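Following: one structure in structure tokens, then a few remarks.
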Amino acid sequence: MKYYFSGIGGIGMSSLALYAKYTGHTVYGSNNEENERTNYLQNQNINIKFEQNKDIPDVDLFIKSTAIKNDNPEIIAAKEKNIKILSRMEFLNTILKENHSIGITGTDGKTTTTAMTANIFINAKKSPTVFLGGLHKSLKDGNFNFGKNILISEVDESDGYIKYASSNTILVNNLRPDHLEHYDNDFENLKKSIKNYCKTSNKFLFFNYDDPILKKWKNEFQNIIYFGIDEDADYIMKNRKQINSHQEFDMYKKDIYLGKITLSMPGIHYAYDALAAASISLEYGIKFEDIQRSLKKFESVGRRFNILYSNSNKYVIDDYAHTPEEIFHTIEGAKEYFPNKKIITIFQPHRYTRLHRHKNDFVNVLKNSDEIIVYRIYSAFEDPIDGIDENYICRLLKENGKNCLFFDIDNDMIDYLKAIKESVFLFVGAGDITKVAYKLSSELLNSHIK
1 MKYYFSGIGG
11 IGMSSLALYA
21 KYTGHTVYGS
31 NNEENERTNY
41 LQNQNINIKF
51 EQNKDIPDVD
61 LFIKSTAIKN
71 DNPEIIAAKE
81 KNIKILSRME
91 FLNTILKENH
101 SIGITGTDGK
111 TTTTAMTANI
121 FINAKKSPTV
131 FLGGLHKSLK
141 DGNFNFGKNI
151 LISEVDESDG
161 YIKYASSNTI
171 LVNNLRPDHL
181 EHYDNDFENL
191 KKSIKNYCKT
201 SNKFLFFNYD
211 DPILKKWKNE
221 FQNIIYFGID
231 EDADYIMKNR
241 KQINSHQEFD
251 MYKKDIYLGK
261 ITLSMPGIHY
271 AYDALAAASI
281 SLEYGIKFED
291 IQRSLKKFES
301 VGRRFNILYS
311 NSNKYVIDDY
321 AHTPEEIFHT
331 IEGAKEYFPN
341 KKIITIFQPH
351 RYTRLHRHKN
361 DFVNVLKNSD
371 EIIVYRIYSA
381 FEDPIDGIDE
391 NYICRLLKEN
401 GKNCLFFDID
411 NDMIDYLKAI
421 KESVFLFVGA
431 GDITKVAYKL
441 SSELLNSHIK
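Numbered per UniProt numbering, the sequence shown spans residues 1 to 450.
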């Protein structure tokens with residue numbers, strides 16, 4: 001068959017294109033601009049054009065990214081040609097239904113938990129097919145691994161299309177009111193969508209027992225396996241502590257001690273991800289010793305506490321954290337990893353709707369940093385909201401007694417940070433702030449060499 005992927009350069013779309021290619025189909029695609037993923041796909045002999053117009057080939061199936069709207073000329077052309085159109089999630093679900101699948105979802109931690117689980121299964125010679133919402137070196141294609149047996153997939157709830165998903169085994173890390181613009185601004189609708197997805201499971205459901213919402217679902221499903229710190233969970237984490245550049249915790253199955261889990265990344269959020277991945281792996285028959293080895297060697301996913309530059313005085317860290325909960329754990333993790341160091345958090349708000357909905361939460365978590373810099377908002381194609389901007393957050397932080405600066409020009413911010421003698425520069429956000437982190441790291445490295 002012939003497939004056309006509109007918005008093929010996205011992290012989720014590119015993995016689906018690779019799956020189609022590796023299963024013997026002819027793949028075409030388009031993207032608004034070149035990026036690392038489109039370059040990779042072209043190296044796999046996938047034909048990509050970098051404009052979106054009505055000139056599309058005759059194909060059997062048209063798969064569209066969430067970012068592609070119904071008035072897009074490619075959508076119009078596909079309809080005129082009577083080509084079947086599927087969303088990214090609808091196409092993914094056709095693959096999920098053809099395989100024994102493990103789906104990993106929730107507000108935070110999906111990508112890392114999926115990568116950890118995949119890494120364990122790969123090292124255990126389980127040969128999984130993997131769809132990841134990020135890049136990780138354990139996967140042959142970065143965000144994708146073509147296997148023979150089980151399928152492990154990150155299942156994204158952020159665009160509202162999770163209603164099309166189904167999986168044999170499902171893990172939910174946590175549930176918080178994010179991306180509500182896709183759920184009629186009602187958290188209950190988001191919870192209902194996740195609950196309906198869970199109803200498609202016919203094997204295991206893994207829930208975080210420490211999440212107050214998931215804990216209440218205890219009597220609504222038959223096949224739940226809980227993980228968490230609470231001793232009523234099935235898989236339990238105890239005695240977590242940071243030791244120099246790594247953290248460790250004791251893992252139990254009820255009252256049976258299994259052993260220590262060691263991780264190179266700091267922060268309790270990564271410990272939860274590891275506990276979740278280990279719980280799944282144990283239920284699928286992987287030995288605990290193999291799980292320990294995989295997690296000990298596990299390196300973070302792209303943009304998850306990536307240390308870009310380090311010397312005895314300055315450190316630059318790039319992290320994808322963009323919700324209040326994620327930013328809180330990232331700052332706390334940085335404090336654990338760099339005790340007695342000054343933490344300067346450089347925050348790029350992501351989406352006007354999220355900033356508006358969680359403005360007070362952002363202030364409460366950011367004020368845990370020693371100093372805060374706010375970078376220009378990354379709209380993600382959203383329209384501005386009156387009165388909601390970067391200066392608003394800075395003003396609230398100053399009212400809370402915190403030093404806050406706003407920069408919208410990269411070089412001005414970089415010059416300011418370079419002049420600071422000793423600090424940890426923690427860049428957080430899901431937008432293009434990563435480019436500033438890399439640029440600062442490059443300039444610090446060059447000045448250090450000189």
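Where is the CB? At the ideal position from N, CA and C, for every residue including glycine. Since this is a predicted model, take the numbers as computed values, not measurements.
Report yes or no: do three or more beta-carbon pairs, one from the segment 45–55 and one from the segment 183–200, lie closer than 8 Å?
no
Between the C-alpha atoms of residue 101 and residue 297, what's the straight-line distance to the nearest angstrom?
25 Å
Per DSSP, the bridge partner or partners of residue 171:
104 and 206
Any idea what DSSP makes of residue 441, helix, strand or coil?
helix
Residue 453, buried or exposed, once every other Cβ within 10 Å from all chains shown has been counted against 16
The structure shown does not extend to residue 453, since the chain is modelled only from 1 to 450, so the question has no answer here.
Starting from residue 292 and walking both ways along the alpha helix (DSSP H), at which residues does that stretch end?
288–297
DSSP on residue 258, reduced to helix/strand/coil?
strand
If you draw a straight line from the alpha carbon of residue 108 to that of residue 150, how long is it in whole angstroms?
24 Å
From what residue to what residue does the beta strand (DSSP E) around residue 310 run?
306–310
Which runs of the beta strand (DSSP E) spanning at least 3 residues fall entirely within the UniProt domain "Mur ligase N-terminal catalytic" (3–98), listed in chain order?
The qualifying runs are 26–30, 47–49, 61–64 and 84–87.
Over what stretch of residues does the alpha helix (DSSP H) that includes residue 426 continue unbroken?
Careful: residue 426 lies outside any alpha helix (DSSP H), inside the beta strand (DSSP E) at 423–428.
Residue interval of the alpha helix (DSSP H) (run including residue 395)
390–399
Suppose contacts are defined by Cβ-Cβ distances below 9 Å. Is residue 438 in contact with residue 308 by that definition?
yes
Using DSSP's beta-bridge definition, name the partner residues of residue 345.
372 and 426
Host beta strand (DSSP E) of residue 162 (start-end):
Looking at the DSSP string, residue 162 is not in any beta strand (DSSP E), and its letter there is neither H nor E.
Residue 450 by DSSP, collapsed to three states: which one?
Reliability of the predicted coordinates at residue 450 is poor, the pLDDT of 48 falling under 50, and no value is obtained from them.
With residue 397 and residue 367 assumed to form a contact (beta carbons below 8 Å), what rounded beta-carbon distance in angstroms separates them?
That belief holds up - the Cβ atoms of residue 397 and residue 367 are roughly 6 Å apart, short of 8 Å.
Pick out whichever of 106, 129, 63 and 174 has its Cα sitting closest to the Cα of residue 91.
63
Is it the case that the Cβ atoms of residue 279 and residue 235 are separated by a distance below 9 Å?
yes
Report the option in 68, 114, 335 and 19 whose CA atom is closest to the CA atom of residue 87.
68
Taking the straight line between their C-alpha atoms, what separation do you get for residue 161 and residue 152?
18 Å
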